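Numbering (UniProt numbering), first residue to last: 1 to 567.
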């Protein structure tokens, strides 16, 4: 821990706008500052002695310009006038639910991402006699359900909206499309696009295709990108900067640097979709998350030469990258540079610093950063508490994990899958399997879907204790989720193959992402045929699967793998 970083967490040294007094007050020259308090005391006592003893409330003296006040009077605020209190209380007691109160409650639930409570309040709103269905209300709920992993409920809400007489628009269809795409349900997303094509007034636009492209990128379905681009060209829909940034981010995350540079070069040559600060942030995130600090700094200088200025999120990405590599001096320098340029520290800034200390189990500096965050009235979010829980677990302070969970409940922090994964991981590190099972049950009771990391943590904890029966039940549950499409098998496979495996004495890496995104599709079918989990498929099976399902085709830009038919 460097001294420079400690100093960077102090309050901002930036100059503030000082309020200049309207009239200058008289200040004696050559006055010793050590005697200033004595002068004030003499004036105060002389003023008090001059006051008559019978006066209970001394009369406030109006000081002239240039005079030095010897005593100050604290003004007592007057109470507000009490008027018609009985009428107001009677009106409040007799008041019933009215539309503004219910609408405010609905808005509050949406802001807190409490989707179940939001639907309940919305049903109350619909029961009001003066309720009128509004497109904006449905739009907020569709977006909320999509972000909370409830695409089926979003579709039900969409059908209810149509039944109430609201004509669907491209924006509403795009919100429904995003609900499916956020949860990796690409086939359902394509069906929504096809449904939009059949409606003359709801034709898909560039935002609809950008949403679907992001889903394909997140699921490593890169073979669909060219198809969607071709379809956009046939419909005379030009991709914008957001569209190109989505594809650029997808190529960068899986290490397809040739395609990434090809997209970036096309953006630099284009006049319609020039790179912007989001492009800069994507490039920095790609190399920063992989720990390639030199490339990250080189691209930062290139974009600065392009005339693209950084923003707060740009500096947050740099702080996070330096923190993961334990380069605390550079992390501190970026934070001080933000203060110098008057860029405010945000919740993400503090989260990156907390995460840097949490990864190494430095609970002291982690708590210091969190206290500074609260002192500056910065609102904590779910990631903040996930980092705190992981940090306490890495430091072996499991009793503080409980306090952290209680504090999160007090702050009404949304409990998503990442939050429960952090708590389950802390219980596993503490060898408290009973508490781990209770948290897992609470997770499902709250209708929060587990992901591949949830099962990996629990399986590893059970395997450590030799509880094979528990592992069997978890595997059965995971297979059901894969069959239902609620568990992303591609994510599970890629997380499993993120390191090099040894095969016949040779180092074999499954990180060739040009074929990884193809084999994940084959993995889904392969697991369904064998009715077993990807966790128990040996590396040799993956090689055999790869050789039997992937064929290569040559194009102008290189070698491309394709998936053979399963027929």
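Note that the Cβ used here is the ideal one computed from N, Cα and C, for glycine as well. In this text the structure is predicted, and so the values were computed from the model without any measurement.
- Query: Do residue 386 and residue 430 have their C-beta atoms within less than 7 Å of each other?
  - Reply: no
- Task: Tell me, please, whether the region 183-200 touches the region 157-164 by the rule of three or more beta-carbon pairs shorter than 8 Å.
- Result: no
- Message: For residue 261 and residue 236, what's the separation of their Cα atoms in angstroms?
- Response: 25 Å
- Considering only C-alpha positions, which residue in the set 280, 244, 295 is nearest to residue 270? 244
- Secondary structure of residue 166, DSSP reduced to three states: coil
- Rounded straight-line distance, which links the Cα of residue 138 to that of residue 280: 34 Å
- Indicate the three-state DSSP secondary structure (helix, strand or coil) for residue 144 in the structure shown. helix
- If you compare alpha carbons, which of 388, 417, 414 is closest to residue 403? 388
- Query: Thinking C-alpha only, which one of 380, 478, 441 is nearest residue 451?
  - Reply: 478
- Which of helix, strand or coil DSSP assigns to residue 357: helix
- Give the secondary structure of residue 404 by DSSP, where H, G and I count as helix, E and B as strand, and everything else as coil. helix
- Item | residue 101, buried or exposed, once every other Cβ within 10 Å from all chains shown has been counted against 16 | exposed
- Please look up how many angstroms separate the CB atoms of residue 361 and residue 395, rounded, as I've assumed it's under 8 Å. 4 Å
- Status (buried if at least 16 other CB within 10 Å, exposed otherwise) for residue 326: exposed
- Cutoff 6 Å; reference residue 320; Cβ partners in own chain excluding five residues on either side: 352
- Taking just the CA atoms, how far does residue 249 sit from residue 307? 21 Å
- Do residue 428 and residue 390 have their CB atoms nearer than 7 Å? no
- Query: Roughly how many angstroms lie between the CA atoms of residue 142 and residue 240, to the nearest whole one?
  - Reply: 24 Å
- Query: residue 334 lies in the alpha helix (DSSP H); which residues open and close that run?
  - Reply: 328-340
- Using 10 angstroms around the beta-carbon of residue 461, count the other beta-carbons present and answer buried if the total reaches 16, otherwise exposed. buried
- Message: My assumption, with CB atoms under 8 Å, is that residue 145 sits in contact with residue 157. Please give the rounded CB distance.
- Response: 7 Å
- Does the distance from the CB of residue 568 to the CB of residue 174 come in under 7 Å? What the structure shows of the chain is the stretch from 1 to 567, and residue 568 is not part of that stretch, so it cannot be assessed.
- N-terminal and C-terminal residue of the alpha helix (DSSP H) that residue 428 is part of: 417-429
- For residue 283, which residues from the same chain have a beta carbon less than 6 Å from its beta carbon, with the 5 sequence-adjacent residues on both sides left out? 299
- Since residue 244 is in the alpha helix (DSSP H), which residue starts that stretch and which ends it? 241-253
- Does DSSP put residue 452 in a helix, in a strand, or in coil? helix
- Item | Spatial neighbours of residue 532 in its chain, beta-carbon cut-off 6 Å, leaving aside the 5 residues before and after | Here the model assigns residue 532 a pLDDT of 44, short of 50, so the residue's position is not dependable and the matter cannot be decided.
- Task: Measure the C-alpha to C-alpha separation of residue 221 and residue 135 and round it to an integer number of angstroms.
- Result: 33 Å
- Message: Using C-beta distances below 6 Å, list every residue in its chain close to residue 232, excluding the 5 sequence neighbours before and after it, in chain order.
- Response: 209
- Item | Assigned exposure category for residue 116 - 16 Cβ within 10 Å defines buried | exposed
- Query: From 131, 449, 166, 343, pick the residue whose C-alpha is nearest to that of residue 150; which is it?
  - Reply: 449
- Query: Between the Cα of residue 434 and the Cα atoms of 293, 465, 263, 119, which residue gives the shortest distance?
  - Reply: 465
- Item | Exposed unless 16 or more other CB atoms sit within 10 angstroms - verdict on residue 375 | exposed
- Where residue 127 sits in the DSSP three-state scheme: coil
- When the distance is taken between beta carbons, is residue 393 closer than 7 Å to residue 426? yes
- Excluding five sequence neighbours on each side, which residues of the same chain lie with their C-beta closer than 6 Å to the C-beta of residue 286? 252
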